[in-house]
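Novice: First, the structure itself, so that you have it in front of you.
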Amino acid sequence: MKKHAVLAVSALLAAGCAAAPTPAAGAQLTPTVSTTTLNALVACPELPSLPTARCGRITVPRDREHPAEGTIQVSFALVPHTDTSRPGLGTIVPNPGGPGTSTIDLSGGLFAEALTPLLDRRDLLLIDPRGVGRSSALSCPALDGPTRVFEPLAEQRRLIGECGAHLGDRVSDYATTAVADDIDAVRATLGLDRLDLLGVSYGTYLMPTYAQRFPEHVRTVSLAGAYAVNEDPTSAVGPAAFRRAIRLVCERTKRCDGDRALDDLAAVLERLRAEPGSLDVVFRGTTHRVALDEWQLTSAAGRVFSNKPDTDATLALVDAVAAARNGDLDPVRDVVRRNLLAQAEIYSYGPLALSDAGSWATSCHDYPRSFDYADPIAERTGDYEAALAELDDADFAPFSARAWSTRADYDTGACLNWPDDPTARSPFEAGADLPDVPVLVLSGDLDANTPSESGRAAAAQFPRATFREIAGAGHTPASTPEGADAIVRFVRDAHR
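All residue numbers for the sequence shown refer to numbering that gives the first Met the number 0, where the first residue is 0 and numbers rise by one.
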């Protein structure tokens, strides 16, 4: 299952941040890329937002345990620090989330803008993960374009499985461990010592993986919208955070009653479960007939708090379910329609910006599941349904446990049709040693995707971590001035 609404990165760090204090006297230097190495890279004229960037590419094995099976290209862009009169203080390596999201072209300019107060003395190293962007972008015919967005749950699962079959012997090549190893290969190529890691959403899964594998090369770790690597994907922490977020928005705006809104939503979802309807969605001239059911409304409602907070969208949902409870479903249709159109636009970007195939190749390899790929699909499905049946609807209110656990792009059964992959597993076991380095974890109090409880679990993975909850922030707490400034100050002031 995916762990974040795709393109939470579009809001990533967009608020920028204030200047922070200069480093303490005697702060330890972490050398940046040498002038000789920098000159060996090439200009990046296709990155107008990063005019000083220098680009490079390395070739790495598809599978490091079986190097004869072929190679993958991993591309990077290095933005050198601006103050050349003093020694550099290190290199920041960010990841915007996904999985399957480009770092260089889609979010490089946003990172550079937001981290400006640090970039006088620090280089910014942007690396496209394997399978997306400039790093051997991956695609599958079954997942090309936005069509999947308009399909029902069973068909989406079939298409994801068809993509896995299309990958063939490449199906295990996109594990997070492989992405982390690629980052270290770039680090070694550039002659860097220690890195300041910054992960957003899925990046909060990737960066702990890197830290666990290469602790000697980590200076700091900043995680925004975080979750623990071995977190249970069927957890009810999301619905609990959703309930809290609705109540907080109503309280802060004084424009709704949170408890009534939740009661209205529960009643409408129950109605749609018993009596589904339909709606038409026109995207780029093509009309798609979509079921208006519990699953679609749960998917749309869940996304309200899965990105940067949108008060208007929250209030539109509240008003829509109030109208639906009184017999008018048209506003609910509008909520679902807007959600589907937004998702279709995102999936139209293509693998140079967003690889749907790469996203599922990583997700189906890494994330926990309640079934075994070695079993036939019928047996997998039986095991999965048994696991769903053990969940208590009361814990997932106002949603049913099934609807929340299977909502679009967060479906815990998305990989039921994935081909057998004996290598599929978490990057490391629960309780594995992670380095004793400075770690900052930020969560938004309006995030129902990776809520504060998940952020605290992410912080608990490390011996030395600071957790902060950012009021008014959603799944992108670093996009607020407070969150972005916290990251700048943390990286600048940390000592190791």
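Ideal Cβ positions, reconstructed from N, Cα and C, are used throughout, including at glycine.
1) My output table needs one value for Gly443: the three-state DSSP class, helix, strand or coil.
2) Smallest Cα separation from Ala42: which of Leu197, Gly55, Thr34, Ala265?
3) Tell me the DSSP secondary structure of Thr29 in three-state form.
4) Go ahead and label Glu68 buried or exposed: buried means 16 or more other beta carbons lie within 10 angstroms of its beta carbon, across all protein chains shown.
5) Answer with buried or exposed for Ala76, where buried requires no fewer than 16 other C-beta atoms within 10 angstroms of its C-beta.
6) Going by DSSP in three states, Arg379 sits in which element: helix, strand or coil?
7) Locate the beta strand (DSSP E) running through Pro60, then write down its first and last residues.
8) Is Val566 buried or exposed, if buried means 16 or more other CB atoms sit within 10 Å of its CB?
9) Could you tell me the alpha carbon to alpha carbon distance between Cys249 and Ile376, rounded to whole angstroms?
10) Locate the alpha helix (DSSP H) running through Gln211, then write down its first and last residues.
11) Have a look at the DSSP bridge pairing and note the partners of Ile91.
12) Taking three-plus beta-carbon pairs below 8 Å as touching, is the stretch 475–490 in contact with the stretch 258–265?
13) Under the three-state reduction of DSSP, which class applies to Pro22: helix, strand or coil?
14) Contact between the stretch 397–416 and the stretch 437–447: three or more CB pairs below 8 Å?
15) Could you tell me whether the Cβ atoms of Leu197 and Ile469 are closer together than 8 Å?
16) Give the secondary structure of Gln72 by DSSP, where H, G and I count as helix, E and B as strand, and everything else as coil.
17) Would you call the stretch 108–124 in contact with the stretch 145–155, where contact means no fewer than 3 C-beta pairs closer than 8 Å?
18) Can you give me the Cβ contacts of Ala177 inside the same chain, cut-off strictly under 7 Å, excluding the 5 residues immediately before and after it?
19) If you scan the stretch 394–426 from start to end, which runs of the alpha helix (DSSP H) of 4 or more residues do you find wholly inside it?
20) Thinking C-alpha only, which one of Asn416, Gly237, Thr380 is nearest Phe395?
21) Do you know offhand how far Ala341's Cα is from Thr34's?
22) Taking the alpha-carbon of Tyr348 as reference, which of Ser101, Ala52, Asp435 has the nearest alpha-carbon?
23) Short of 6 Å in beta carbon distance, which residues of its chain neighbour Ala273, apart from the five on each side in sequence? Order them along the chain.
24) Contact check, Thr175 vs Asp365 under 8 Å by CB: the rounded distance?
25) In angstroms, rounded to a whole number, what distance separates the CA positions of Ser106 and Pro95?
26) Quick one: grab the DSSP three-state call for Arg85.
27) Tell me the DSSP secondary structure of His474 in three-state form.
28) Do Pro426 and Leu137 come within 8 Å of each other at the CB atom, strictly closer than that value?
29) Report yes or no: do the stretch 155–167 and the stretch 352–360 share at least 3 C-beta pairs separated by less than 8 Å?
Specialist: Let's see:
1) It is a strand residue.
2) Out of Leu197, Gly55, Thr34, Ala265, Gly55 has the C-alpha closest to the C-alpha of Ala42.
3) Thr29: coil per DSSP, three-state reduction.
4) Exposed: under 16 other Cβ atoms inside 10 Å.
5) By the 10 Å Cβ count, Ala76 comes out buried.
6) The DSSP-derived three-state label of Arg379 is helix.
7) Following the DSSP letters along the chain, one finds Pro60 inside the beta strand (DSSP E) bounded by residues 53–60.
8) What is shown of the chain runs 0 to 495, which leaves residue 566 out entirely.
9) Approximately 44 Å, taken between the alpha carbons.
10) From DSSP, the alpha helix (DSSP H) with Gln211 extends over 202–212.
11) According to DSSP, which records beta bridges pairwise, Ile91 is partnered with Leu123, Asp195.
12) Too few Cβ pairs lie closer than 8 Å, so no.
13) With a pLDDT of only 45 at Pro22, under the threshold of 50, the placement of this residue in the model should not be trusted; the figure read from the coordinates follows. Looking at Pro22 - three-state DSSP - the assignment turns out to be coil, as it is neither helix nor strand.
14) With contact defined as three or more Cβ pairs closer than 8 Å, the stretch 397–416 and the stretch 437–447 are not in contact.
15) No. Outside cutoff.
16) Note: Gln72 maps to strand in three-state DSSP.
17) Contact fails: fewer than three Cβ-Cβ distances are below 8 Å.
18) Around Ala177: Arg129.
19) DSSP runs (the alpha helix (DSSP H)) wholly in the stretch 394–426: 400–404.
20) Measuring C-alpha to C-alpha distances from Phe395 to each of Asn416, Gly237, Thr380 identifies Gly237 as the nearest.
21) Cα-Cα distance, rounded: 44 Å.
22) Closest option to Tyr348, Cα to Cα, is Ser101.
23) If we look at Ala273 and ignore the five residues flanking it on each side, it has no Cβ neighbours.
24) Their Cβ separation, rounded to whole angstroms, is 5 Å, which keeps Thr175 and Asp365 in contact under 8 Å.
25) Near 7 Å, if we compare the C-alpha coordinates of Pro95 and Ser106.
26) Assignment of Arg85 by DSSP, reduced to helix, strand and coil, places it in the coil class.
27) If DSSP states are grouped into helix, strand and coil, His474 belongs with coil.
28) Their beta carbons are not under 8 Å apart, which means Leu137 does not touch Pro426 by this criterion.
29) Note that the stretch 155–167 touches the stretch 352–360; at least 3 beta-carbon pairs, one per stretch, sit closer than 8 Å.
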